[in-house]
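Under numbering that gives the first Met the number 0, the first residue of the sequence shown carries the number 0, and numbering increases by one thereafter. Some notes on the structure that comes next.
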Amino acid sequence: MGASKQRKLRFLYVAWAFCESFGFGGLVFGWGSFVYVLKDEGLYAELCNNGTSNSTHNGSLNEDCPDRDSRLELVFTIGSTCAGIGSFVLGQISFYFGMRVARIVASLCFMCGAYIIAFTTNDLPWLIFPGMALVAFGGISLIMTNVQLSNMFPVGGGAVVGIISGAFDSSSGIQLMVKLGYEQGISRKTSYLILASTHVLTFVSTFLFLPKDYVHPVQEEYVVTQEIELEIPEKPGLDSGKTEKKVTSKTTSDNEVNLSSLMRLIRTPTYLLHVMWVCLLQLRLFYILGSINRILEKELENKKEVSDYTNVMLYVLMGGIVASPLAGAFLELNISLFKNSKSSFSRSVKPNIMSLTLTSALGVVLSVLLLLEDPSHLYYIFVFLVLYRSIFYTMVNAYIVLAFPSAFIGSLIGITTITSGVFCLLQHALFEWSARRNAKEVNIFLIVLIGISCIHPFWQWIACRRAEQRESTKE
């Protein structure tokens with residue numbers, strides 16, 4: 000398809016990408032609604048003391064069943080981890096074979112997973128594990144490939160990323176629709192057969208308007224630089240701080256990446272602290288998403304209240320469709336505020352510091368609210384959760400895009416994603432800790448971890464100050 004025609008239809012492409020991401024992208028993160036349905040159907044009820052389902056359809060309080068909760072939370076742990084690992088695997092497939100092949104693989108995985116979930120029964124409960132893993136694995140490719148459409152917008156590309164990220168953020172609402180349909184007599188099997196069948200529509204974009212390899216951005220010359228004293232990478236095309244080391248003069252369209260330069264970037268505090276920040280804050284996020292049903296059952300009086308609050312939570316989380324673009328706008332505001340900084344490093348990194356700090360602060364507030372264990376605070380928890388999740392996912396990739404040379408962004412994001420995905424396997428240990436001992440202990444532990452994450456923005460602030468002082472000294 001010609002470039003001029005692509006420019007004319009680019010808004011249609013974004014609208015289609017929005018629908019794809021909303022419909023199929025992040026179903027695993029709607030776990031709070033879906034696990035309600037699974038429990039009501041009696042999945043893994045044999046793990047409970049009486050060997051029957053805890054849900055009685057009469058509005059009575061659900062019987063405490065930690066063994067079943069633990070088994071179902073393991074489903075979420077594996078699914079969310081596969082989403083993280085999947086983005087790395089599909090990124091490699093896309094790099095070597097092109098976007099189209101990656102999307103085909105992901106779509107087939109999603110459809111297989113949806114069919115497996117549809118045919119999961121109380122006699123074959125283990126099918127929920129591969130089903131949820133495949134759905135998570137297949138859904139993550141949509142956000143990875145669709146955000147490349149921002150390259151079609153020389154102005155406003157950040158807004159496109161925010162809109163598509165917001166759709167992915169809100170796709171957890173699809174599980175709410177599954178739950179509402181279930182309560183109206185539409186079985187889980189029917190809902191997932193519909194999801195599997197309608198996912199075929201993603202092949203429209205895969206074959207008709209998305210390119211075979213990737214959406215080509217405007218090519219730019221770049222050099223990779225590094226401030227030796229602080230071991231901090233400079234952005235491409237900017238004046239370096241103390242020492243500039245030219246690694247390559249090829250354009251960003253080349254697939255060849257200097258491995259030694261990549262390793263130097265990985266070893267810098269600018270990158271390592273960000274990986275730590277992502278791992279710790281994502282663990283906080285996954286823990287609350289995976290345990291929210293257990294929290295609601297503990298704090299509320301009966302099954303109807305659990306159902307109602309679950310619905311409210313998912314309605315609020317769908318607000319990510321607004322919160323994510325706002326998070327992107329806040330970042331753009333900070334970029335404009337620091338665009339005249341003396342140091343090129345400060346111009347690249349300083350705009351991130353406020354958003355990084357705000358995300359950590361929201362994590363602390365969220366953990367404190369969970370410590371209180373008061374039903375009256377549930378609405379506040381839901382609101383802070385959507386803000387926390389939206390800003391967090393905006394900053395996971397935006398920081399790398401702003402702070403590092405464009406030739407290395409894909410590799411650095413992939414390493415960050417797979418590292419945080421594997422690290423978040425620890426969430427199951429936290430689920431077990433909460434079930435066997437006390438949820439308050441877990442939340443206190445997570446507050447400590449989030450406090451440690453504040454090292455990241457603090458270090459970058461110090462590094463920016465030092466870089467600016469060196470520039471002032473030169474003058």
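In this text, a Cβ means the ideal position worked out from N, Cα and C, and glycines have one as well.
Check	Outcome
CB-CB length for ASN333 against SER354, believed under 8 Å	7 Å
Endpoints, alpha helix (DSSP H) assigned at LYS473	454 to 473
Chain-order list of residues whose beta-carbon lies under 6 Å from that of ALA132 (same chain, five-residue window excluded)	ILE77, GLY78, CYS81
Distance, VAL348 Cα to PHE337 Cα	9 Å
Minimum C-alpha distance to PHE21 - residue among GLY172, THR119, PHE128	GLY172
Separation of PRO65 from LEU434, as counted between CA atoms	The amino acid occupying residue 434 in the given sequence is Ala; Leu does not appear at that position. Taking the straight line joining both Cα atoms gives about 6 Å.
Cβ neighbours of PHE208 in the same chain (closer than 6 Å, five flanking residues each side left out)	TYR12
Integer Cβ distance of SER32 from VAL177, believed to fall under 8 Å	7 Å
Under the three-state DSSP convention, the category PHE96 falls into	helix
Where ILE185 sits in the DSSP three-state scheme	coil
C-beta contact flag for LYS341 and GLU182 at 8 Å	no
Any chain B beta carbon closer than 8 Å to LYS349	Within the model displayed, chain B is absent; a lone protein chain is all it includes.
Extent of the continuous alpha helix (DSSP H) to which TYR43 belongs	That residue, TYR43, is in no alpha helix (DSSP H); it is neither H nor E in DSSP.
Straight-line Cα distance separating TRP30 from GLN475	Only positions 0 to 474 of the chain appear in this structure, which leaves residue 475 out of reach.
Sub-8 Å separation of MET275 and SER452 beta-carbons	yes
CA-to-CA distance, ALA402 to PHE344, given in whole angstroms	8 Å
Exposed unless 16 or more other CB atoms sit within 10 angstroms - verdict on GLN281	buried
Cut-off 6 Å between Cβ atoms - residues of its own chain near ASN57, not counting five sequence neighbours on either side	Interpretation of ASN57 is limited by its pLDDT of 38, a score under 50 that renders its predicted location unreliable; no figure is taken from the coordinates.
Cutoff 7 Å; reference VAL315; Cβ partners in own chain excluding five residues on either side	PHE381, VAL382, VAL385
Buried versus exposed call for ILE443 [16 or more other C-beta atoms within 10 Å across all chains shown]	exposed
Contact belief for LYS211 with GLY97 at Cβ below 8 Å, rounded distance in angstroms	5 Å
Straight-line Cα distance separating CYS278 from LEU424	11 Å
Burial state of ILE461, where buried means 16 or more other Cβ atoms lie within 10 Å	exposed
Contact belief for ALA195 with THR144 at Cβ below 8 Å, rounded distance in angstroms	No, ALA195 and THR144 are not in contact; Cβ-Cβ is about 20 Å, not under 8 Å.
Residues of its chain near VAL421, where Cβ-Cβ distance is below 8 Å and the 5 sequence neighbours each way are ignored	THR80, GLY83, ILE84
Member of ALA16, TRP458, ASP68 whose CA lies at the smallest distance from the CA of THR269	TRP458
The ligand SAM heavy atom lying under 7 Å from the CB of LEU192	For the ligand SAM, the structure offers nothing, since it holds no ligand at all.
Nonlocal neighbours in the same chain, by C-beta distance under 6 Å from VAL520, ignoring five residues either side	Residue 520 cannot be examined here, being either before or after the span of the chain that is shown, 0 to 474.
Contact check, HIS427 vs LEU73, beta carbons under 8 Å	yes
Three-state secondary structure (DSSP) of ARG266	coil
Proximity winner among GLY184, GLU331, LEU37, ILE139, relative to ASP168 (alpha-carbon distances)	ILE139
Contact set for TYR308: own chain, Cβ-Cβ below 7 Å, skip 5 residues either direction	LEU295, LEU299, LEU377
Integer Cβ distance of GLY319 from ARG388, believed to fall under 8 Å	6 Å
Host alpha helix (DSSP H) of SER120 (start-end)	A small correction: the amino acid at residue 120 is Thr; Ser does not occupy that position in the sequence shown. Counting along the chain, THR120 falls outside any alpha helix (DSSP H), and DSSP gives it neither H nor E.
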